[in-house]
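One point on numbering: in full-length UniProt numbering, the residue at position 175 of the sequence shown is 175, and numbering is uninterrupted. For every residue, glycine included, the Cβ atom is placed at its ideal position computed from N, Cα and C. Note that the structure is a prediction, hence the values are computed from the model and not measured.
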Amino acid sequence: MCAKKIAVLTSGGDAPGMNAAVRAVVRTAISFGMEVYGVRHGYNGLLTGEVQKMELRSVSNIIQHGGTALFTARSPEFNTPEGVQKAAAKCRELGIDGVVVVGGDGSFRGARDLTGAGVPCIGVPGTIDNDISSSEYTIGYDTAMNTAMEMIDRIRDTTESHDRCSVVEVMGRRCGDIALNTGIAVGAIATLVPEVKYDFEKDIIERIRYAQKTGKRHFIVVVAEGVGHSEDICKRIQEETGIESRATILGHVQRGGSPTLRDRVVASQMGYHAVELLRDGKSNRVVVMQGERIVDFDITEALEMPRVFDEKLYKISQDLSR
Ligand SMILES: Nc1ncnc2c1ncn2[C@@H]1O[C@H](COP(=O)(O)OP(=O)(O)OP(=O)(O)O)[C@@H](O)[C@H]1O
Ligand SMILES: O=P(O)(O)OC[C@H]1O[C@](O)(CO)[C@@H](O)[C@@H]1O
Ligand SMILES: [Mg+2]
Numbered sequence: 001m002c003a004k005k006i007a008v009l010t011s012g013g014d015a016p017g018m019n020a021a022v023r024a025v026v027r028t029a030i031s032f033g034m035e036v037y038g039v040r041h042g043y044n045g046l047l048t049g050e051v052q053k054m055e056l057r058s059v060s061n062i063i064q065h066g067g068t069a070l071f072t073a074r075s076p077e078f079n080t081p082e083g084v085q086k087a088a089a090k091c092r093e094l095g096i097d098g099v100v101v102v103g104g105d106g107s108f109r110g111a112r113d114l115t116g117a118g119v120p121c122i123g124v125p126g127t128i129d130n131d132i133s134s135s136e137y138t139i140g141y142d143t144a145m146n147t148a149m150e151m152i153d154r155i156r157d158t159t160e161s162h163d164r165c166s167v168v169e170v171m172g173r174r175c176g177d178i179a180l181n182t183g184i185a186v187g188a189i190a191t192l193v194p195e196v197k198y199d200f201e202k203d204i205i206e207r208i209r210y211a212q213k214t215g216k217r218h219f220i221v222v223v224a225e226g227v228g229h230s231e232d233i234c235k236r237i238q239e240e241t242g243i244e245s246r247a248t249i250l251g252h253v254q255r256g257g258s259p260t261l262r263d264r265v266v267a268s269q270m271g272y273h274a275v276e277l278l279r280d281g282k283s284n285r286v287v288v289m290q291g292e293r294i295v296d297f298d299i300t301e302a303l304e305m306p307r308v309f310d311e312k313l314y315k316i317s318q319d320l321s322r
């Protein structure tokens, strides 16, 4: 059945570009003659009925803003069979026959369960981590990496002035993509990612010592959140090399800020595609990027796809940071 009255929500950690996705969903739905509703606070809003009708002007002036105008949440209540049934009942009560969920892998599991409870859902990947295995790109990733790069460039100014070593932790719980790319972009001497086991002596100390011999006097080590222990790594570097060292955890600064052009455009394409799917009577699909094209997969199959770590890019980062 083709959806006539749809809803859109953002869920999980916010990501720059989510607003562009919401705007695209709202305006595409209106141009297809559908009614469209905005759900606040992620799945929580479906449980409580925090839902409002969206018009063309409801999404004016948001495309350039970070965060999500619909607010977001992690909802423990929805993450239960009873919660999913309650949300499905609320959708039926409101006459909502399709939901676009902008979020990460957890949010897609929720979308799969809600589809199973009778409400057709489409997932759109919105997370800075780029940890959705079925998609080469997730909304917010480009902005987050650029923010991390700019912050580390600043850290480098002071690191260089003092001939120090800076250990910088960037976000990414199970995925080292932000670390790997920013590590290359800032010329880190070492980059630690959760996908590759590291040896402290070989992968950090020996690299620093070799570079010291060739005249390098300041060092940046990038550590992914999923590897952690940045304070300990920093202390050990100082103890073993005698180089004064400082640790910085960039944290949530990486989740904020105005989205880059790439995030705004990809979010607009993905939001548009999601509504096309609902218009065509499709459900339980996730919108993804493959080879720079926007396509879609079955959510259940997409969630089972293995993540592919870019070994070649990792090798490049190793060979260039000397
Ligand atoms: N297995 C599941 N079944 C039903 N709902 C789920 C499931 N996993 C997660 N959810 C719902 O999705 C919400 C968001 O999930 P989660 O906190 O994992 O974030 P995410 O969407 O993966 O985003 P990110 O990791 O980028 O912050 C959860 O709070 C929960 O309500
Ligand atoms: O907002 P919270 O709950 O602190 O979550 C932080 C996590 O969310 C992410 O930013 C992904 O959205 C991860 O990189 C990070 O580990
Ligand atoms: Mg997640």
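### Task
Would you identify the three-state DSSP class for glutamine 269, choosing helix, strand or coil?
Residue numbering aside, residue 269 sits at position 269 when the sequence shown is read from its first letter. Helix.
### Message
Tell me whether threonine 80, by its Cβ, gets closer than 7 angstroms to a heavy atom of ligand 2.
### Response
As a position in the sequence shown, residue 80 is number 80, starting the count at 1. No.
### Message
If I measure Cβ to Cβ from histidine 65 and keep anything under 6 angstroms in the same chain, skipping five residues before and after, which residues do I get?
### Response
Reading the sequence shown from its first residue, position 65 is the one you call residue 65. If we look at histidine 65 and ignore the five residues flanking it on each side, its Cβ neighbours are Asn19.
### Task
Would you mind working out which of Tyr141, Met270, Ile132 and His218 sits nearest glycine 242, comparing C-alpha positions?
For the purposes of this step, residue 242 is taken as residue 242 along the sequence shown, with counting starting at 1. Measuring from the Cα of glycine 242, the nearest candidate turns out to be His218.
### Query
Taking one C-beta from the stretch 118–127 and one from the stretch 135–142 each time, how about it: are there three or more such pairs within less than 8 angstroms?
yes
#### Entry: Proximity test, glycine 172 beta-carbon vs ligand 2 heavy atom, cut-off 7 angstroms
As a first step, residue 172 must be located in the sequence shown, where it is residue number 172. Yes, the Cβ of glycine 172 comes within 7 angstroms of a heavy atom of ligand 2.
### Message
Looking at glycine 104: is its Cβ nearer than 8 angstroms to the Cβ of aspartate 131?
### Response
Reading the sequence shown from its first residue, position 104 is the one you call residue 104. Reading the sequence shown from its first residue, position 131 is the one you call residue 131. Yes, the pair counts as a contact, with Cβ atoms nearer than the cut-off.
### Task
Look at the alpha carbon of residue 347 and the alpha carbon of valine 39, and state the distance between them as a whole number of angstroms.
With the chain represented from 1 up to 322, any question about residue 347 goes unanswered, as that position is not in the structure.
### Query
Unbroken alpha helix (DSSP H) runs of length 4 or more, entirely within the stretch 141–225: which are they?
141–161, 177–186 and 206–213
### Query
With 16 other CB atoms within 10 Å as the buried threshold, where does methionine 305 fall?
For the purposes of this step, residue 305 is taken as residue 305 along the sequence shown, with counting starting at 1. With fewer than 16 Cβ atoms within 10 Å of its Cβ, methionine 305 is classed as exposed.
### Query
Do arginine 285 and cysteine 2 have their C-beta atoms within less than 8 angstroms of each other?
Within the sequence shown, the letter at position 285 stands for residue 285. Within the sequence shown, the letter at position 2 stands for residue 2. Contact: no.
### Query
Between aspartate 142 and ligand 1, is the CB less than 7 angstroms from at least one heavy atom?
Taking the sequence shown and counting its residues from 1, the one referred to as residue 142 is at position 142. It does not: the Cβ of aspartate 142 is nowhere closer than 7 angstroms to a heavy atom of ligand 1.
### Query
In the structure shown, what three-state DSSP assignment does tyrosine 43 receive?
The sequence position of residue 43 within the sequence shown is 43, counting from 1. Reduced to three states, the DSSP call for tyrosine 43 is helix.
### Query
Which first and last residues belong to the beta strand (DSSP E) in which glutamine 52 is found?
For the purposes of this step, residue 52 is taken as residue 52 along the sequence shown, with counting starting at 1. That run of the beta strand (DSSP E) goes 51–53.
### Query
Three or more C-beta pairs closer than 8 angstroms, one from the stretch 285–305 and one from the stretch 148–165: is that the case here?
no
### Task
Report the rounded CA-to-CA distance for isoleucine 152 versus glycine 251, giving the unit in angstroms.
Taking the sequence shown and counting its residues from 1, one reaches residue 152 at position 152. Taking the sequence shown and counting its residues from 1, one reaches residue 251 at position 251. Going by the C-alpha atoms only, they are around 12 angstroms apart.
### Message
My output table needs one value for glutamate 136: the three-state DSSP class, helix, strand or coil.
### Response
In the sequence shown, residue 136 corresponds to position 136, counting from 1. DSSP places glutamate 136 in coil when its eight states are reduced to three.
### Message
Could you check whether methionine 145 and isoleucine 178 sit closer than 8 angstroms to each other, using their CB atoms as the reference points?
### Response
By one-based count along the sequence shown, residue 178 stands at place 178. By one-based count along the sequence shown, residue 145 stands at place 145. In contact: isoleucine 178 and methionine 145 (Cβ atoms closer than 8 angstroms).
### Message
Are the CB atoms of threonine 72 and aspartate 14 within a distance shorter than 8 angstroms?
### Response
What you label residue 14 is simply residue 14 of the sequence shown in a count that begins at 1. What you label residue 72 is simply residue 72 of the sequence shown in a count that begins at 1. Yes, Cβ-Cβ distance for aspartate 14 and threonine 72 is below 8 angstroms.
### Task
Determine the DSSP secondary structure at cysteine 2, reduced to helix, strand or coil.
Counted from its first residue, the sequence shown places residue 2 at position 2. It is coil, neither helix nor strand.
### Task
Flag this pair as yes or no: are the beta carbons of alanine 148 and threonine 191 separated by less than 8 angstroms?
Sequence index remark: in the sequence shown, residue 148 carries index 148 (1-based). Sequence index remark: in the sequence shown, residue 191 carries index 191 (1-based). Not closer than 8 angstroms, so no.
### Message
Under 7 angstroms: does the beta carbon of glycine 45 sit that close to some heavy atom of ligand 1?
### Response
In the sequence shown, the residue the question calls residue 45 occupies position 45. Checking every heavy atom of ligand 1 against the Cβ of glycine 45, none is found closer than 7 angstroms.
### Query
If you check the beta carbons only, do valine 119 and valine 8 fall under 8 angstroms apart?
Start at 1 with the first residue of the sequence shown, and residue 119 comes out as number 119. Start at 1 with the first residue of the sequence shown, and residue 8 comes out as number 8. No, they are not a contact pair.
#### Entry: Three-state secondary structure assigned by DSSP to glycine 106
The residue you call residue 106 lines up with position 106 of the sequence shown. If DSSP states are grouped into helix, strand and coil, glycine 106 belongs with the helices.
#### Entry: Through-space distance from alanine 247 to glutamine 52, alpha-carbon basis
By 1-based counting over the sequence shown, the position of residue 52 is 52. By 1-based counting over the sequence shown, the position of residue 247 is 247. For glutamine 52 and alanine 247, the distance between alpha carbons rounds to 45 angstroms.
### Message
Can you look up threonine 241 in the DSSP assignment and give me helix, strand or coil?
### Response
Residue mapping note: residue 241 aligns to position 241 of the sequence shown, counting from 1. Note: threonine 241 maps to helix in three-state DSSP.
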